[in-house]
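Only one structure is covered here, and it is reproduced in the block below.
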Amino acid sequence: MSDTLTKLTYQTFQQGKNYFGLAHKLLSSRLMNIVSPSEHREIKPIPNEILLKAQQRLNNLLEVDWEDAERGVYPKSVLFDNPWEDFFRYYPMVWLDLPQIWERAQHKRYQEFTQDVDTNGYPSYYVQNFHHQTNGYLSDLSASLYDLQVEILFGGSADPMRRRILAPLKEGLEVFSDVSPRQIRILDVACGTGRTLKLIRAALPQAALFGTDLSPAYLRKANELLSQIPGELPQLLQANAEKLPYLDNYFHAVTSVFLFHELPAAARQQVIEQSYRVTKPGGIFIICDSIQMSDSPEMKPMMENFHETFHEPYYKHYTTDDLVERLEKAGFENIRIQVHFMSKYFIARKPA
Numbered sequence: 001m002s003d004t005l006t007k008l009t010y011q012t013f014q015q016g017k018n019y020f021g022l023a024h025k026l027l028s029s030r031l032m033n034i035v036s037p038s039e040h041r042e043i044k045p046i047p048n049e050i051l052l053k054a055q056q057r058l059n060n061l062l063e064v065d066w067e068d069a070e071r072g073v074y075p076k077s078v079l080f081d082n083p084w085e086d087f088f089r090y091y092p093m094v095w096l097d098l099p100q101i102w103e104r105a106q107h108k109r110y111q112e113f114t115q116d117v118d119t120n121g122y123p124s125y126y127v128q129n130f131h132h133q134t135n136g137y138l139s140d141l142s143a144s145l146y147d148l149q150v151e152i153l154f155g156g157s158a159d160p161m162r163r164r165i166l167a168p169l170k171e172g173l174e175v176f177s178d179v180s181p182r183q184i185r186i187l188d189v190a191c192g193t194g195r196t197l198k199l200i201r202a203a204l205p206q207a208a209l210f211g212t213d214l215s216p217a218y219l220r221k222a223n224e225l226l227s228q229i230p231g232e233l234p235q236l237l238q239a240n241a242e243k244l245p246y247l248d249n250y251f252h253a254v255t256s257v258f259l260f261h262e263l264p265a266a267a268r269q270q271v272i273e274q275s276y277r278v279t280k281p282g283g284i285f286i287i288c289d290s291i292q293m294s295d296s297p298e299m300k301p302m303m304e305n306f307h308e309t310f311h312e313p314y315y316k317h318y319t320t321d322d323l324v325e326r327l328e329k330a331g332f333e334n335i336r337i338q339v340h341f342m343s344k345y346f347i348a349r350k351p352a
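This is the structure:
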């Protein structure tokens with residue numbers, strides 16, 4: 001297939017996912033208004049000019065995603081990776097779960113878990129129904145629905161946003177050119193269902209990959225996903241990112257995707273300091289998370305809607321938090337920032 005045709009196929013594929021996400025949100029919103037028209041709080045409409053800016057940001061993201069594949073940061077086949085089996089299996093369950101989500105949101109029940117879910121031993125900030133999800137991050141059903149829910153939320157752009165860590169990751173590892181590729185160790189903090197680790201594996205097929213997460217359910221889902229990939233299985237461990245169970249200076253690179261907006265301020269600092277501790281001198285630390293007011297003030301209505309629509313108790317503070325200052329306080333230097341669509345990237349180096 002020619003590059004032109006491949007790019008057109010990719011653009012069509014992404015456009016289809018975007019339309020699907022928009023259709024799902026429109027239908028679910030109308031159904032919600034029918035089911036509970038008087039109880040549901042009216043969401044502030046997003047001005048058209050901001051929607052147009054968001055669409056342009058999305059177009060730019062997809063162009064960069066294609067360019068990175070074209071220059072070999074990762075195989076072009078990654079652009080078309082989609083968990084179709086999970087989609088057909090779990091998409092009906094997304095709809096079946098919506099009435100519980102609506103009811104939980106309406107009555108502000110933010111820490112509601114079924115009796116079979118053990119919440120003991122977790123940090124209090126973690127025992128939440130983030131996004132109003134049933135059982136938060138602590139059930140197998142939640143783990144099975146998560147990637148699909150995030151894809152719908154971001155109109156099919158979640159993986160393209162995750163992939164933006166891959167180019168700086170590979171560039172950052174160039175300082176270890178004297179190290180065998182098989183001896184390069186990379187940790188993904190709060191790895192969730194393993195989507196980011198799968199993308200890292202595609203870009204760095206020989207590296208030793210590690211992942212930690214607080215949720216045993218999400219780690220089970222990650223193990224299911226990653227065990228399908230030929231080669232060495234990433235080493236997954238249930239652990240609190242505030243106290244990583246690894247030796248000092250162990251990893252050549254550490255990544256964290258979509259974690260920091262769900263942490264209170266003190267925990268953010270602790271996770272950064274732990275990431276610094278386990279990173280080798282000269283190593284790289286990359287954070288991917290939401291845009292902030294400092295870099296995207298024009299997107300303020302969308303950030304406010306996200307904070308108000310979803311149960312994200314620490315998101316509002318995150319949008320004004322100075323993560324560069326936090327990284328420097330931990331000891332990182334040469335901090336670079338990138339912004340792609342609705343995500344922001346902090347690329348930091350531990351002094352050699």
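First residue of the sequence shown? That's 1 in UniProt numbering, and the numbers climb one at a time after it. Backbone N, C-alpha and C define an ideal beta-carbon position, used for all residues, glycine too. Please read all numbers here as calculations on a predicted model, not as lab measurements.
Counting along the chain, H131 sits inside no alpha helix (DSSP H), nor does DSSP assign it H or E at all. Per DSSP, reduced to three states, the secondary structure at G194 is coil, with no helix or strand assignment. For the set P351, V150, E70, the Cα lying nearest the Cα of F332 is the one of P351. For T119, the CB contacts under 8 Å within the same chain, skipping 5 residues up- and downstream, are F113, V127, L138 in chain order. Taking 8 Å as the upper bound for CB-CB distance, H252 and K280 are in contact here, some 6 Å apart. A Cβ-Cβ distance of about 4 Å is found for the pair A217 and A143, placing them in contact under the 8 Å criterion.
Scanning its chain for C-beta atoms nearer than 7 Å, with the 5 sequence neighbours on each side dropped, one finds around Y122 the residues L214, in chain order. In summary, T320 is exposed, with fewer than 16 beta-carbon neighbours lying within 10 Å of its beta-carbon over all protein chains present.
Rounded to the nearest angstrom, the Cβ distance from G282 to V175 is 5 Å, consistent with a contact under 8 Å. When DSSP states are grouped into helix, strand and coil, G211 belongs to the strand group. Within the same chain, E151, I152, L153, F154, G155, G156 come within 8 Å of G21 by CB-CB distance, once the 5 residues on both sides are set aside.
Secondary structure at Y110: coil, using DSSP grouped into helix, strand and coil. In this structure R164 is not in contact with S28, their Cβ atoms being roughly 28 Å apart against a cut-off of 8 Å. Residues C288, D289 of the same chain have their beta carbon placed closer than 7 Å to that of F258, with the five preceding and five following residues left out of the count. Counting other Cβ atoms within 10 Å of its Cβ, N82 stays below 16 and is therefore classed as exposed.
Shown here, A167 sits in a helix according to DSSP, grouped into three states. Where V257 is concerned, the enclosing beta strand (DSSP E) starts and stops at 251 to 257. For G21, the enclosing alpha helix (DSSP H) has its first and last residue at 3 to 35. In the displayed model, V324 falls within a helix according to three-state DSSP. The region 323 to 342 and the region 257 to 275 touch, with no fewer than 3 CB-CB distances between them shorter than 8 Å. Straight across, the Cα-Cα distance linking Q338 with Q206 is about 27 Å. When secondary structure is reduced to three states using DSSP, V73 falls in the coil class, being assigned neither helix nor strand. CA-to-CA, the gap between R349 and I101 works out to about 41 Å. The bridge partners DSSP lists for A348 are F285.
Straight-line measurement puts the Cα of A265 at about 19 Å from the Cα of E308.
Annotation for L187: the continuous beta strand (DSSP E) segment containing it runs 185 to 189. Residue state for T119 is assigned as coil, using DSSP reduced to three classes.
Around the beta carbon of F306, 16 or more other beta carbons sit within 10 angstroms, so the residue counts as buried. Collapsing the DSSP output to three states places L236 in a strand. Per DSSP, the beta bridge partners of I337 are F346. Put simply, of N249, S256, K25 the residue whose alpha carbon is nearest the alpha carbon of R195 is S256.
For K76, the closest C-alpha among the options L26, D140, V64, Y146 is that of V64. Here the alpha carbons of I34 and I286 stand approximately 43 Å from one another. Pairing W66 with Y10, the inter-Cα distance amounts to about 8 Å.
By the CB criterion at 8 Å, M161 and H340 fall inside the cutoff. Considering only P181, K44, D322, the residue with the shortest C-alpha distance to I291 is D322.
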